[in-house]
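> In mature numbering (1 follows the signal peptide of the UniProt record, and there is no 0), the protein residues as written are -19 to -1, 1 to 273.
We treat Cβ as the ideally placed atom computed from N, Cα and C, and that holds for glycine.
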Amino acid sequence: MRRTRAGATWVAAALALLAACGAQDPAPSQTLPSAPEAEPEPPAPPTVEPEPGEGEYRAGLPAAVEIPPDRTDPAALVVLVPGGGWRSADPVGLAPLADHLVGEGYAVATITYRTGRTGDVFPTPVDDVACAVAYASAQVPGVDVVVLGHSAGAHLASVAALDPVRSDRCPHRRVRVDGVVGLAGPYDVSATWGLAEVLFGVPADQAPEAWEQGNPLTLVERRPDLPFLLVHGEADQVVPVSFTTDFADALRGARHEVAVELLPDVDHAQVLSPDVVGDVVVGWLARVAAQA
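1. Indicate the three-state DSSP secondary structure (helix, strand or coil) for Glu37 in the structure shown.
2. Return the chain-ordered list of same chain residues with a C-beta closer than 8 Å to the C-beta of Thr225, the five sequence neighbours on each side being excluded.
3. Pull up the CB-CB distance for Ser132 and Val220, whole angstroms please, since I reckon it's below 8 Å.
4. For Leu176, does the three-state DSSP call read helix, strand or coil?
5. Return yes when the Cβ of Tyr38 is within less than 9 Å of the Cβ of Ala113, no when it is not.
6. Counting pairs of beta carbons, one from the stretch 256 to 273 and one from the stretch 147 to 163, are three or more of them closer than 8 Å?
7. Classify residue 279 as buried or exposed, calling it buried when 16 or more other Cβ atoms lie within 10 Å of its own Cβ.
8. Using CA coordinates, which residue listed in Val62, Ala90, Val73 and Asp230 is at the minimum distance from Pro106?
9. Might you give, ordered along the chain, the residues of its own chain that have their beta carbon closer than 7 Å to the beta carbon of Ala117, omitting 5 neighbours on each side?
10. Is the beta carbon of Gly65 less than 9 Å from the beta carbon of Gly134?
11. Ala172 to Trp67, Cα distance in whole Å?
12. With a Cβ-Cβ cutoff of 9 Å, do Ala56 and Val124 count as a contact?
13. Taking three-plus beta-carbon pairs below 8 Å as touching, is the stretch 245 to 261 in contact with the stretch 68 to 81?
14. Give the list of continuous alpha helix (DSSP H) stretches no shorter than 4 residues that lie fully inside the stretch 45 to 114.
15. Tell me the start and end of each unbroken alpha helix (DSSP H) in the stretch 143 to 218 that is at least 4 residues and wholly inside, in chain order.
16. Measuring only the C-alpha atoms, how far is Gln120 from Val127?
17. Between the alpha carbons of Asp108 and Arg154, how many angstroms are there, rounded?
18. Whose C-beta lies closer than 7 Å to the C-beta of Pro197 among residues of the same chain, with five residues either side of it excluded?
19. So that I know if they touch, is there some Cβ in chain D lying closer than 9 Å to that of Ala141?
20. Exposed or buried, what is residue 274 when buried is set at 16 or more other beta-carbons lying within 10 Å of its beta-carbon?
21. What does Ala240 pair with, by DSSP beta-bridge criteria?
22. I'd like to check one pair, Arg204 with His249: are the Cβ atoms closer than 9 Å?
23. Could you have a look at His249 and say whether DSSP puts it in helix, strand or coil?
24. Out of Glu215, Pro104, Glu190 and Gly130, point me to the one whose CA is closest to Pro145's CA.
25. If you count every other CB in all the chains shown that lies within 10 Å of the CB of Gly41, and 16 or more means buried, which is it?
26. I'd like to confirm the pairing. Which residues does DSSP put opposite Gly130 in its beta bridges?
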């Protein structure tokens, strides 16, 4: 992206909207790793896994897993990853969508993760997302696992799904997810005008390898079997729609199955509403399951 007056205006608007929205939703993020290589085997599992419900997937990091009360065989497990500009990770704004998915027969996990606000930088947030997915999957075994993220959460979900094994510190067996849903994600961290520095702790020129490894666009060839649903509101003033369309093009170039939904008159926060996106997500989940 070339630095233009329009680009500078977008950065200012993104920062202002992030500050205004951070206390409400999973916090919008603005924008927001490397050449393909052999994928390592997941680390060996340890210990006894907890039952569904409220718990911690790591010390101090909560996750809540809910199973539809009227069925023992949920259609799939959907792990919801909040946004927050890589500065916060409050899942409260995801609650209405979680309730909608449970009502449609899906098991749902809502999670949080460590962020720049707590002094944690890449790859820690990605490790946390992958570990939370493993924790939730252990409680709902035998079903497909889909990770759904909003804003910065969509970026982290994509990296975790495409390149899932980064450390051996997770106390749960890592899993390969079966699909990714990204809502208004800032996928190309190199095009965020420095806003992703909070994720990496330093500018890109000081840690180019980390910035590359944390960029989903450089990971697209690692799992060409992984389907994606990318949704973006055309009225989004925080994360430009081009982040979604450019990521979709990169995924298709690497032979992924990709569905893109651009929603007129929908902004960065509204794309989370089950009234706006619920049917889109449920319909895509059903199609992916039918093709499995």
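From the atom records:
1. Against the sequence shown, residue 37 aligns to sequence position 56. In the structure shown, Glu37 sits in a strand (DSSP, three-state: E or B).
2. By one-based count along the sequence shown, residue 225 stands at place 244. Result list for Thr225: Gly163, Ala165, Gly166, Tyr168, Leu211, Val212, His213, Val241 and Leu243, in chain order.
3. Residue 132 sits at position 151 when you count from the first residue of the sequence shown. Residue 220 sits at position 239 when you count from the first residue of the sequence shown. Rounded, the Cβ-Cβ distance is 6 Å, consistent with contact.
4. As a first step, residue 176 is located in the sequence shown; it is residue number 195 there, counting from the start. Looking at Leu176 - three-state DSSP - the assignment turns out to be coil, as it is neither helix nor strand.
5. Residue 113 sits at position 132 when you count from the first residue of the sequence shown. Residue 38 sits at position 57 when you count from the first residue of the sequence shown. Against a cut-off of 9 Å, the Cβ pair of Tyr38 and Ala113 comes out as a contact.
6. yes
7. Residue 279 is absent from the model: the chain starts at -19 and stops at 273.
8. On the sequence shown, residue 106 is found 125 positions in, with the first residue counted as 1. The shortest Cα separation from Pro106 among Val62, Ala90, Val73 and Asp230 belongs to Val62.
9. Within the sequence shown, residue 117 is the residue found at index 136, counting from 1. Once the five neighbours on either side are set aside, the close Cβ partners of Ala117 are Ala44, Val46, Leu58, Val60 and Ala90.
10. The residue given as residue 65 occupies position 84 in the sequence shown. The residue given as residue 134 occupies position 153 in the sequence shown. Contact: yes.
11. Your numbering for residue 172 matches position 191 in the sequence shown. Your numbering for residue 67 matches position 86 in the sequence shown. Taking the straight line from one Cα to the other gives about 15 Å.
12. On the sequence shown, residue 56 is found 75 positions in, with the first residue counted as 1. On the sequence shown, residue 124 is found 143 positions in, with the first residue counted as 1. Yes, the Cβ-Cβ distance between Ala56 and Val124 is below 9 Å.
13. yes
14. 76 to 84
15. 178 to 181 and 189 to 194
16. By 1-based counting over the sequence shown, the position of residue 120 is 139. By 1-based counting over the sequence shown, the position of residue 127 is 146. Whole-angstrom Cα-Cα distance: 14 Å.
17. Within the sequence shown, the letter at position 127 stands for residue 108. Within the sequence shown, the letter at position 173 stands for residue 154. Asp108 and Arg154: Cα-Cα distance of roughly 13 Å.
18. Here residue 197 refers to the residue found at position 216 of the sequence shown. The answer, listed in chain order, is His136, Ser139, Val140, Leu143, Tyr168 and Phe228.
19. No chain D is part of this structure, which consists of one protein chain only.
20. Given that the chain is displayed from residue -19 to residue 273, the structure contains no residue 274 and the question cannot be resolved.
21. What you label residue 240 is simply residue 259 of the sequence shown in a count that begins at 1. Within the DSSP bridge table, the entry for Ala240 names Leu210 as partners.
22. Sequence index remark: in the sequence shown, residue 249 carries index 268 (1-based). Sequence index remark: in the sequence shown, residue 204 carries index 223 (1-based). Contact flag unset, no.
23. Numbered from 1 along the sequence shown, position 268 holds the residue referred to as residue 249. Residue state, collapsed to three classes: coil.
24. If you number the sequence shown from 1, residue 145 lands on position 164. When each option's Cα is compared against that of Pro145, the closest is Pro104.
25. By 1-based counting over the sequence shown, the position of residue 41 is 60. It counts as exposed.
26. For the purposes of this step, residue 130 is identified with residue 149 of the sequence shown, where counting begins at 1. DSSP output for Gly130 lists Val62 and Gly163 as bridge partner(s).
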